[in-house]
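S.K.:
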């Protein structure tokens, strides 16, 4: 069972971080476009966020199962606590980004997409920090 959960966890990691990196490179590519084309391109690229949501769900579900032997040492493990707090922060960031994305599709995309950019960067850095802490704790 543990191996299956690890596989699902790594698939979720690939999907989640892959989405963040994908948006970063799509943002770089769209920066070279005309304003109207850029807005249309970025709105169409929002479909990629679905992959990130699925990846995050896989990470959380498999992570809860994989954490089973570690719950009893949680309070004496500051690195593990930091990792779990960052997972909560990442979830909040993804929730806010999703909310802004829905508003962008409904209207005023330029203003909404500009709000998303710094949050997307924070989400990417948070995801990378989670990976670093996980490697440090679970090595």
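Residue numbers (my numbering): 15 to 153. By construction, the Cβ of each residue, glycine as well, lies at the ideal position given by its N, Cα and C atoms.
#1: Pull up the distance between the alpha-carbon of residue 151 and that of residue 97, whole angstroms please.
#2: Counting only runs of 4+ residues fully inside the segment 50–131, write out the alpha helix (DSSP H) ranges in chain order.
#3: Would you please state the rounded distance, in angstroms, between the beta carbons of residue 84 and residue 94? I believe it to be under 8 Å.
#4: Applying the criterion that 16 or more other CB atoms from any shown protein chain within 10 Å of the CB defines a buried residue, is residue 130 buried or exposed?
#5: Take the Cβ of residue 29 as the centre, count every other Cβ of all protein chains shown within 10 Å, and call the residue buried at 16 or more, exposed below.
#6: Measure the C-alpha to C-alpha separation of residue 133 and residue 142 and round it to an integer number of angstroms.
#7: I'd like to know whether the C-beta atoms of residue 65 and residue 107 end up nearer to each other than 7 Å.
#8: Quick one: what does DSSP say residue 28 is sitting in, helix, strand or coil?
#9: Roughly how far, in whole angstroms, is the beta-carbon of residue 119 from the beta-carbon of residue 57, given that I think they are within contact range, below 8 Å?
#10: Looking at the structure shown, is residue 17 part of a helix, part of a strand, or coil, going by DSSP?
#11: So is residue 111 buried or exposed if we call it buried at 16+ other beta carbons inside 10 Å?
#12: So the candidates are 62, 61, 40; which of them puts its Cα closest to the Cα of residue 52?
M.R.: Reading it off the structure:
#1: 9 Å
#2: 63–80, 92–120
#3: 6 Å
#4: buried
#5: buried
#6: 14 Å
#7: no
#8: helix
#9: 6 Å
#10: helix
#11: buried
#12: 40
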